[in-house]
Amino acid sequence: MVDMTKRQILQRLFLRFLMKNSFHKLAFTEIWSLFVGHNSYLNNDENFEVVHSFFIQHLVKEYFIVDTISIPRKYTSKYHVYQIKKICLPVELQEPYESICEKTHQLNKELQQNELEIECLNECFDEFPSIRFQIELLIQKKKDYQFSLQSKVNVLKELIQTF
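Using UniProt numbering, the first residue of the sequence shown is number 1, and each one after it goes up by one.
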């Protein structure tokens, strides 16, 4: 097992905190207060500096919207949980994790598209009685495809939980 430094442990704890929360126009000190709210033993100047430095150097640019007009600056989350979780993973697992997340996202988009197609076919069913049989076959085909897509999404979500 790899020994982690105090700095790395603090960073991991902060990342886990971010995964469970989102923020809207909060100063870093307010985010810090929420972070140490349940972990008061972490609330000291040294830990604040470590986490603040990590936040500014590694997280702000990619994962937060910064209100630069406000003093102090205010931060709004723009990340998805999977992005933060990826940072917490060992390097060798980041690519497979991201690939599975992207595949899940793509399948969810296909699910939505298929649902719209089924709705459209249902409308056509009443509108065109002379071809109801063909429409019914298409609806069934789309429903079968929907079941298949949903099964794939469920499996990928289970896989994501293993990380």
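Ideal Cβ positions, reconstructed from N, Cα and C, are used throughout, including at glycine.
Secondary structure of F128 (DSSP, three-state): coil.
Between W32 and E95, the alpha-carbon positions lie close to 30 Å from each other. Ranking L156, L18, R7, Q161 by CA distance to the CA of F64 puts L18 first. Per the DSSP secondary-structure output, V66 pairs in a beta bridge with Y75.
DSSP lists Y75 as the beta-bridge partner residues of L26.
Taking Q11 as the centre and dropping the five residues before and after it, the same chain places the C-beta of F54 closer than 6 Å to its C-beta, in chain order. For K143, the CB contacts under 8 Å within the same chain, skipping 5 residues up- and downstream, are I118 in chain order.
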